[in-house]
Amino acid sequence: MDKVQRNPSLLTLYSVLKDFRGEHTDFEALASYYEHHYRVEYSENIVLKHFLLTCEVDPRMRAKENIILYWKMLNSLEVIKREYAALRKSAKLPPDHPTRVQNRRQQLEYLRLENTINQHLNQLHNEFVREQKLQEAARKKQSPAAEEEEEDDGAPAAAAEEEAAPGEEEEEAPIKKKRKALPLKISNFVKRRRKKTERK
């Protein structure tokens, strides 16, 4: 494995895979950041390396656990594929040739690393899609509820107006009666004054 040990990117990868814990990834926060920021500012189509790097540097994304580790895995995956392709050139050597035997071991190690990375990236993809669907379902559930609340808010208001209308008529009725009654009282008062003056 001398070839692997001489490759700085793969040395970093071994450290990343050793420390990585998939359960520490906040998939809900990733999906929310995509929906409210990345999709709006960049594109609906995710370029994973760009998306992860944007999440890492953007202060609006607070749940950053594992994000940079995923990004390092992607970089290492490119190195692995390139190194694996280079090792295939030794296939022309005799089967028992020391170089071919060593290269074969390295190829198997590269395949193991590639499979491990792909497992983590597949988990990232599946959990991300799942969270997107959950958030979309929650939005759809809230939308009809909001419309019903608006309708419910409008109905009592209309009913209150209808109930208030008869009340206004009832309030106006006594006022009209008082207005009609006032002249009668005044006329009676005038008649009494006239009778007193006539007696005098």
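Under UniProt numbering, the first residue of the sequence shown carries the number 1, and numbering increases by one thereafter.
For each residue, glycine too, the CB sits at the ideal point set by N, CA and C.
Quick one: grab the DSSP three-state call for ALA91.
Residue state, collapsed to three classes: helix.
Quick check on VAL47: does DSSP put it in helix, strand or coil?
In the structure shown, VAL47 sits in coil (DSSP, three-state: anything other than H, G, I, E or B).
For ARG60, which three-state DSSP category applies?
Reduced to three states, the DSSP call for ARG60 is coil.
DSSP three-state label for THR25, please.
Note: THR25 maps to coil in three-state DSSP.
For GLU114 and THR12, what's the separation of their Cα atoms in angstroms?
Cα to Cα, GLU114 sits roughly 14 Å from THR12.
So, helix, strand or coil for HIS97, using DSSP?
Three-state DSSP puts HIS97 in coil, outside helix and strand.
Report yes if the C-beta distance between LEU48 and ILE67 is below 8 Å; otherwise report no.
Contact flag unset, no.
Between the Cα of PHE128 and the Cα atoms of ASP19, SER32, ARG21 and LEU17, which residue gives the shortest distance?
Out of ASP19, SER32, ARG21 and LEU17, SER32 has the C-alpha closest to the C-alpha of PHE128.
Assign ALA131 to one of three DSSP states: helix, strand, or coil.
Checking the displayed sequence, the identity of residue 131 turns out to be Glu instead of Ala. Helix.
Going by DSSP in three states, LYS178 sits in which element: helix, strand or coil?
Note that LYS178 scores a pLDDT of 44, beneath 50, so its modelled location is shaky and nothing firm can be said.
Hey, how far is the Cα of PRO98 from the Cα of LYS72?
About 32 Å.
Tell me whether VAL16 is buried or exposed, calling it buried when 16 or more other Cβ atoms sit within 10 Å of its Cβ.
Per the 10 Å Cβ criterion, buried.
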